[in-house]
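Here is the structure we will look at, set down as structure tokens.
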Amino acid sequence: MNRYAVIGAGPSGLAAARALQKRGIAVDGYEASHGVGGLWDITNPRSTMYESAHLISSRTTTEFAEFPMRSRVDYPGHRVLREYFEDYADHFGLTALFRFDTKVTRLEPRDGGWDLTSLGPDGEQTRWYAGVVLANGTLAEPNVPTFRGEFTGELMHTSAYTSPEQLRGKRVLLIGAGNSGCDIAVDAVHHAVSVDMSVRRGYYFVPRYLFGKPSDTLNQGRPLPPRIKQAVDSRVLRAFTGDPVRFGFPKPDYRIYESHPIVNTLILNHLGQGDLRIRADIDRFDGTTVRFRDGSADDYDLVLLATGYTLDYPFVDREHLHWQGASPRLFLNLFPASFNGLYVMGMIEASGIGWQGRYEQADLLATYLDAVENDPARAARFRERVTGTAWPDLTGGYHYLGLDRMAYYVNKDAYRGAVRQEKHALEASA
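The opening position of the sequence shown corresponds to residue 109 in my numbering, with each subsequent residue numbered one higher.
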């Protein structure tokens, strides 16, 4: 029987290993860190986690369906989540499938499969696999933009932020206001001398609780049409959070859900209390002075770049993943159209998709690989359908912003529906 490799032991890698295991497919896992958990393990050298980090989606919409969390907390923190992944891996016998402290350094195609070169406790080794699942995460390679001028204070990406002690006694400027940036800003107001946030566009802010329940547990039935949901939810948010423009944010130039919303309304409380300020977009750096595009300027000790991450699969040439712009172009963000034996797990970003959505992605992959092993004709029909027909629309009718960070964004209902449909088609053709 052919063996397959899974790179990464975070949620997506564990989901892939579990799905393949259930189908009886032989799996070897590779993890550069010392254990499972991926970025949720703050001791993982590649983790971008920080001490105050918690889920921004609620527990019940995020957990694996076949393994509920022991915690009853609605929005557990990173330590609870690391334990959850350790328990998940141990319960299903996944831990033993992985080689830890082993970094994959190169993938090269050979004889219809892939030579995987790794560096671990036993030195450098190369093994051949019929296929390789890339699940090394999407939030590890910092996106560091360039700016005019030079900042002579401390310049740091939020990927290097772990503790508010790093902010103590400093005049801090955060550039960007995503979910991590807003979390860190809330940390900063309790430790820094001053906190400013430079933003270039507006945001929608979603409270963690609505009507006494986690906000993402509401409206879990049949999804509303996009325009109706946007209109209804915008009115509800205005009633609960007010208009962020009055706190200094620009007015959004897009509709709600066309970019990832900010699940943090504490930031609005602190703005209302005068604990921090919103500043315009950056014009240039001038020593320790930052000059903004509205003509204002201020001095800072620390500039924190909350500017997100870029996709990074450094061990394989881009041509094999059919990169197009900021991301690989893959069927269901999973299969290269060439079906060259590489598969990408977890390259999906969607509000509310959770780890169960990623497991369903892995289950489709396992269904296909099972067909490759046991019913080649069925697998061939799947490949023909993928390469011969239009790919499904994964937007759910939403017009997502044309930003690099949105290049692999999907609508959770559209995506999960498409995955289930493809799995059904695969099984029905048996």
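All residues carry an ideal CB built from backbone N, CA and C; glycine is no exception.
In this structure Ala-127 is in contact with Ala-470, their Cβ atoms being roughly 4 Å apart against a cut-off of 8 Å. Within the DSSP bridge table, the entry for His-162 names Gly-185 as partners.
Residue state for Ile-336 is assigned as helix, using DSSP reduced to three classes. The C-alpha of Leu-163 is placed about 17 Å away from the C-alpha of Tyr-269. Judged by DSSP in its simplified three-state form, Ala-445 adopts coil rather than helix or strand.
Here Pro-176 is exposed: its Cβ has fewer than 16 other Cβ atoms, across all protein chains shown, within 10 Å. Thr-349 is positioned such that its CB atom lies no closer than 8 Å to that of Pro-322. When secondary structure is reduced to three states using DSSP, Gly-277 falls in the coil class, being assigned neither helix nor strand. As summarised for the stretch 276-317, the continuous alpha helix (DSSP H) elements at least 4 residues long and confined to that stretch are 287-296, given in chain order.
Rounded to the nearest whole angstrom, the C-alpha separation of Arg-187 and Gly-329 is 31 Å.
Within the stretch 457-533, the runs of alpha helix (DSSP H) that reach at least 4 residues and sit entirely inside it are, in chain order, 462-482, 484-496. Trp-222 has Pro-217, Tyr-237 as its beta-bridge partners, per DSSP. Judged by DSSP in its simplified three-state form, Val-212 adopts strand.
The way I'd put it, the stretch 139-149 does touch the stretch 194-214; three or more beta-carbon pairs between them come closer than 8 Å. Spatial neighbours of Thr-234 in its own chain (CB-CB distance under 6 Å, excluding positions within 5 residues in sequence) are listed in chain order as Asp-223, Thr-225.
Taking a C-beta distance under 8 Å as the contact criterion, Arg-111 and Ala-125 do not qualify as a contact pair.
Annotated three-state conformation of Lys-359 is coil, per DSSP. Ser-446 sits exposed, since fewer than 16 C-beta atoms from the chains shown fall within 10 Å of its C-beta. In this chain, the alpha helix (DSSP H) harbouring Arg-167 covers 167-170.
Our two residues, Ala-293 and Phe-439, have alpha carbons roughly 38 Å apart in a direct line. Beta-bridge partners assigned by DSSP to Gly-231: Gly-228. The DSSP-derived three-state label of Leu-122 is helix.
Secondary-structure assignment with DSSP links His-265 through a beta bridge to Leu-413. Each residue's CA atom was taken as its position, placing Gly-449 and Ala-533 some 21 Å apart. In the DSSP assignment, Leu-438 falls outside any alpha helix (DSSP H) and carries neither an H nor an E. Around Gly-277, the same chain offers Val-301 as residues with beta carbons nearer than 7 Å, after the five sequence neighbours per side are excluded. Annotation: the continuous alpha helix (DSSP H) that includes Gly-380 extends over 374-380. Within the DSSP secondary-structure output, Ala-113 pairs in a beta bridge with Asp-136, Val-240.
By alpha-carbon distance to Gln-274, the top candidate from His-299, Arg-486, Arg-190 is His-299.
Here Ala-197 is actually not in contact with Leu-147; their C-beta atoms are around 15 Å apart, not less than 8 Å. Put simply, the stretch 413-427 does not touch the stretch 469-489. Fewer than three CB pairs are less than 8 Å apart. Of His-378, Pro-500, Asp-512, Arg-513, the smallest CA-CA separation from Asp-521 is found for Pro-500. Considering only Met-455, Thr-497, Asp-478, the residue with the shortest C-alpha distance to Met-514 is Met-455.
The C-alpha of Arg-154 lies about 6 Å from the C-alpha of Ala-248.
One Cα belongs to Ser-267, the other to Ala-347, and the distance between them is close to 34 Å.
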